[in-house]
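Novice:
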Amino acid sequence: MLLGLKRHYKKRCQGRMRKHVGDLCLQAGMLQDSLVHYHMAVELLRSVNDFLWLGAALEGLCSASVIYHYPGGTGGKTGARRLPGSSLPSETANRHRPGAQEVLIDPGALTTNGINPDTSAEIGRAKNCLSPEDIIDKYKEAISCYSKYKNAGVIELEACVKAVRVLAIQKRSMEASEFLQNAVYINLRQLSEEEKIQRYSILSELYELIGFHRKSAFFKRVAAMQCVAPSIAEPGWRACYKLLLETLPGYSLSLDPKDFNKGTHRGWAAVQMRLLHELVYASRRMGNPALSVRHLSFLLQTMLDFLSDQEKKDVTQSLENYTSKCPGTMELITLPDGLTLPPVPFTKLPIVRRVKLLSLPASLRPQKMKSLLGQNVSTKSPFIYSPIIAHSRGEERNKKIDFQWVQGDVCEVQLMVYNPMPFELRVENMGLLTSGVEFESLPAALSLPAESGLYPVTLVGVPQTTGTITVNGYHTTVFGVFSDCLLDNLPGIKTSGSSVEVVPALPRLQIGTSLPRSAHSLQPSSGDEVSTNLSIQLYNGETQQLIITLENIGMEPLEKLEVTSKILTTKEKLYGDLLSWKLEETLAKFPLQPGKVATFTISIKAKLDFSCQENLLQDLSDDGISVSGFPLSSPFRQVVRPRVESRPANPSEGSKAGDSSHLKTLEAVLNFKYSGGPGHIEGYYRNLSLGLHVEVEPSVFFTRVSTLPATSTRRCHLLLDVLNSTEHELTVSARSSEELVLHAGECQRMAIQVDKFNFESVPECPGEKGQFANPKQLEEEKQEAHGLEINSKLDIRWRIPSLKRSGEASVEGLLNQLVLERLQLAPLQWDVLVDGQPCDCEAAAACQVGDPVSLEVRLTNWSPRSVGPFALTVVPFQDHQNGVHNYDLQDLISFVGSSTFYLDAVQPSGQSACLGALLFLYTGDFFLHIRFHEDSKSKELPPSWFCLPSVHVRALEAQA
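Going left to right, the sequence shown walks through residues 516 to 1475 as my numbering numbers them.
Given below as structure tokens:
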């Protein structure tokens, strides 16, 4: 038994000596010899169950094989780093424990293959060296041997570290993680706090080496928490903060908020929020409140979707507490180690979904003069589509909008915002961020209700210079944090463009009127917007004055003003101009300086058709008496009828004289084009539009129009049946007649004696100059011109004394072709003169019995053709006033010469005359009938052209 013990002890000593010699050979660079000695030591020590030294021999064998296979080493840049003033636990173990070693090879003693260049040892190298797989197996066996000893924890940990480094080179991460997992549970002796930090830091670096980033971050965070353990008298908050920053990549966390705008969220949000909270707490304990505000702002901005309602309230309350001492800014924060923290704009408080640049109001939009339009047309592509054009989101955002802003005017940008918080969100100092033009932003403050949904917010500002302005974003102050939010950094935002041209300053015109505003909103077909709508009620034919007040409320002088009007499409026929004005006196006050006022007057005249509608009154001739049957001595005839003979089914309809069904509506737009200041020099102007809604009530109607001949061939009677369609007593008068009083609903006939018209002297209308090729339209234009001339001569007016309102009654549009012909002078104008005095009236020409009386027939040709020659015979007769005419007057009247007169041919605008004489033998009243001879010349012309005046001669006794 003693012999056995001696043999056992001898093998143990030999094995340990072989192991020690192997260490020396390895340190001496004798790689092959060390392998041989390690192999022999392993066999000897295994046979005697010396597990501690066996583990050391196996570790030495692995180290020599690693040097052979990986001459570059296993540490590299990721090897274990030592903190200043500290040493690894493994170094301490090497100094105090037998069998433990740190393999240090002089690179100069090795070749590129990591071995001694002794060629005599090449023979056994492949046999003694372990394969890469065997190296890991031997490390496992060595660690298993160390684990049998309670006090060998340090060298067991060191063996695990070495195996992990080898596996990292072999890219066997899963097996390396098993070694590290074993290293975590190795029970070491009582370690100091510094050694614990070192241990967790090394574990973190090893996990990082094998690609287990989150596991690496976990142990680095444990190391950070160890820096501020309660047992440490002076906690290292700066070291803790530094280690926490190093854990961020492992948890897919970046301190740049732009990284969270790219696609879906990466990493575990709960872990990330916990880490950010720890960063906030650590920075506060470091005494850096700006850093705490930055991290808490980052937490709120990036983790908003993962916070519960209560957590949102807690975080925002904490943030407000921090910012009350140190407001959040958009400045970069640089840490002592050189790391910079980018600013964190609150793009989610509130969330902006749409940004739209608004055009100025219609009355303030600048427009380019027509002569200057089209300058930029050449810059557009002639192609409908080009595949070369890049349709990037940035280009759409930066494209220029097709309207302009004006220097010095308030401009608006509309944002559609959303409050994601479960409580009311107060946003202060919200304004625009712009570039390209000096811009004065006018900040706004708003309060958004909890989870408000899309809410429109309008931000305003004033451009101070001209050029192209680009809206880059907006700035806010929320929870004490000032944020600059750029549109390029906002995900999912919609915008139609962010660049707009700013034109030079223009004056601003404010218009006041004497009429009330109207609820009717006009929609011109041209697309122009009407800024103000006015309303007025007129009777047909009435004229009212509209006083316009012009006030320059801008900062530039008002130099140019043009006023135009446009009648909107209407079914009603309008006679004359609805609107008329004179600007000469007003323009004499220009330029109108800022704050000054000018006025001018516009006449509103509603003159529609005065013809009676069929549903108002039946024809006055339905009593069997025709107009042609009225005697000349009684041109007036009165007939009274009710306005409406048959009542409608609905009693509310037709019960009022001014029934809405009889109302006519006229709509017009007044355009004020004005300019001044620098904008006028550049060719810009503004257009202000006023809408005018005119309700026209019927005043009088002409139910029938006809004519009767007068005693003179150059005159006639115009008969008008006039109906009062108002609820008030009304008077009607013409230029040559007395006032006619009409009660409500009453109809009377009035006769007006008028001179016949020479329509050939009427100026040609535009239709006669070839602009209208349609003959029918030509005729209508001619008829309208004739009606206008007749109406101006008649001057028919109505008046309502109770309302003190009056107006004009027009016959335009009432006169048909037959009436016009009867009112027209014949193209052949005949004049008969007795003793040189014209005879064309009821008064008789006086002469004395026995004295010859001269008789002259004069012809003026107003037709466009030559007429004549003509032969006329004078036939005298007496009228006995009983229907009997006596033509047998040979004994009473004698002709001096022939009773037949001859006229030569008369050229257009020419004149011809024939002379004769009569001798009256007895006293009395005589009439002369001048008769034309029927020949080919006279038959070619209409009978109405041969209308000669009647001649009445009274022969008196000769005076003694």
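Quick reminder that beta carbons are idealized off the backbone N, C-alpha and C, glycines included.
Can you list, in chain order, the stretches of the beta strand (DSSP E) that have 3 or more residues and sit fully within the segment 997 to 1055?
Specialist: Correct list: 1014 to 1018, 1024 to 1028 and 1047 to 1054.
Novice: What's the C-alpha gap between N776 and M818?
Specialist: Rounded to whole angstroms, N776 to M818 spans 12 Å at the Cα level.
Novice: With respect to the alpha helix (DSSP H) encompassing E953, which residues constitute its N-terminal and C-terminal limits?
Specialist: Taken as a continuous stretch (DSSP letters only), E953 belongs to no alpha helix (DSSP H), as it is neither H nor E.
Novice: Check this for me: beta carbons of V743 and C577, under 9 Å apart or not?
Specialist: No.
Novice: What does the alpha-carbon distance come out to for the pair E943 and R809?
Specialist: Looking at the two C-alpha atoms, the distance is approximately 19 Å.
Novice: Please report the straight-line C-alpha distance between L1443 and P1391, rounded to a whole angstrom.
Specialist: Taking the straight line joining both Cα atoms gives about 4 Å.
Novice: Less than 9 Å between the C-beta atoms of L1203 and F1187, yes or no?
Specialist: Cβ distance < 9 Å, so L1203 and F1187 count as in contact.
Novice: Which residue marks the beginning of the beta strand (DSSP E) containing M931, and which one marks its end?
Specialist: Note, M931: beta strand (DSSP E), C926 to Y933.
Novice: CB-CB under 8 Å to M884, same chain, minus the five flanking residues each way: which ones, in chain order?
Specialist: Cβ neighbours of M884 beyond the five flanking positions: G1198, Y1199 and Y1200.
Novice: I866 and P935 look like a contact to me (Cβ under 8 Å); what is the Cβ gap, rounded to whole Å?
Specialist: Going by Cβ atoms, the distance from I866 to P935 rounds to 6 Å, so yes, they are a contact pair.
Novice: Taking 9 Å as the cut-off, decide whether the C-beta atoms of A877 and E1044 are in contact.
Specialist: It is a contact, given that the beta carbons lie within the stated cut-off.
Novice: Tell me the rounded alpha-carbon separation between M945 and L957.
Specialist: Rounded to the nearest angstrom, the two C-alpha atoms are 8 Å apart.
Novice: Contact defined as beta carbons within less than 8 Å: I believe V1269 pairs with L1255. What is the distance between those atoms, to the nearest angstrom?
Specialist: Contact doesn't hold; Cβ gap of about 16 Å is too wide.
Novice: According to DSSP, is Y756 helix, strand or coil?
Specialist: Residue state, collapsed to three classes: helix.
Novice: Under 8 Å, with one C-beta from each stretch per pair, do the segment 1426 to 1435 and the segment 1407 to 1414 reach the 3-pair mark?
Specialist: Output reads yes: the segment 1407 to 1414 touches the segment 1426 to 1435.
Novice: Name the two residues that bound the continuous alpha helix (DSSP H) containing D820.
Specialist: Premise fails: D820 is in no alpha helix (DSSP H) and is neither H nor E.
Novice: Would N1048 be called buried (16 or more neighbouring beta carbons within 10 Å of its own) or exposed?
Specialist: Under this definition N1048 is a buried residue.
Novice: So, helix, strand or coil for Q832, using DSSP?
Specialist: Helix.
Novice: If you follow the alpha helix (DSSP H) that P1193 is part of, which residue opens it and which one closes it?
Specialist: Counting along the chain, the alpha helix (DSSP H) containing P1193 begins and ends at G1192 to I1196.
Novice: Bridge partners for T983 per DSSP, in chain order?
Specialist: Answer is E1016, bridged to T983.
Novice: With H, G and I counted as helix, E and B as strand and the rest as coil, what does DSSP make of P881?
Specialist: Reduced to three states, the DSSP call for P881 is strand.
Novice: How would you call Q547, buried or exposed, if buried means at least 16 neighbouring beta carbons within 10 angstroms?
Specialist: With 16 or more Cβ atoms within 10 Å of its Cβ, Q547 is classed as buried.
Novice: For P1391, which beta-bridge partners are listed by DSSP?
Specialist: Per DSSP, L1443.
Novice: Across which residues does DSSP place P971 in a beta bridge pair?
Specialist: Answer by DSSP bridge pairing, in chain order: M931.
Novice: Three-state secondary structure (DSSP) at I701?
Specialist: DSSP places I701 in coil when its eight states are reduced to three.
Novice: Mark T838 as exposed unless 16 or more other C-beta atoms lie within 10 angstroms of its C-beta, in which case mark it buried.
Specialist: Result: buried.
Novice: What does the alpha-carbon distance come out to for the pair Q1422 and F1385?
Specialist: Q1422 and F1385: Cα-Cα distance of roughly 13 Å.
Novice: Going by DSSP in three states, I1082 sits in which element: helix, strand or coil?
Specialist: Of the three classes helix, strand and coil, the one that applies to I1082 here is strand, per DSSP.
Novice: Go ahead and pull the three-state DSSP assignment for R1250.
Specialist: The answer is coil: DSSP assigns R1250 none of H, G, I, E or B.
Novice: Does the count of Cβ pairs from the segment 1109 to 1118 and the segment 1058 to 1077 closer than 8 Å reach three?
Specialist: Yes, since at least three Cβ pairs between the segment 1109 to 1118 and the segment 1058 to 1077 fall closer than 8 Å, the two stretches touch.
Novice: When burial is assigned at 16 or more other CB atoms within 10 Å of the CB, is V1349 buried or exposed?
Specialist: Buried, because 16 or more other Cβ atoms sit within 10 Å of the Cβ of V1349.
Novice: Cα separation between P1224 and A1266?
Specialist: Taking the straight line from one Cα to the other gives about 11 Å.
Novice: The beta strand (DSSP E) that contains S1360, what's its start and end?
Specialist: Here the sequence assigns Ala to residue 1360, which means Ser is not the residue at that position. Where A1360 is concerned, the enclosing beta strand (DSSP E) stretches over A1360 to Q1363.
Novice: Over the uninterrupted alpha helix (DSSP H) stretch that includes L718, give me the two end residues.
Specialist: Note, L718: alpha helix (DSSP H), E708 to L724.
Novice: Please look up how many angstroms separate the CB atoms of V468 and A691, rounded, as I've assumed it's under 8 Å.
Specialist: Residue 468 is absent from the model: the chain starts at 516 and stops at 1475.
Novice: Taking DSSP as the reference, what is the three-state secondary structure of G623?
Specialist: Summary for G623: the model assigns pLDDT 35, below 50, so the residue's position carries little reliability, and this model does not support an answer.
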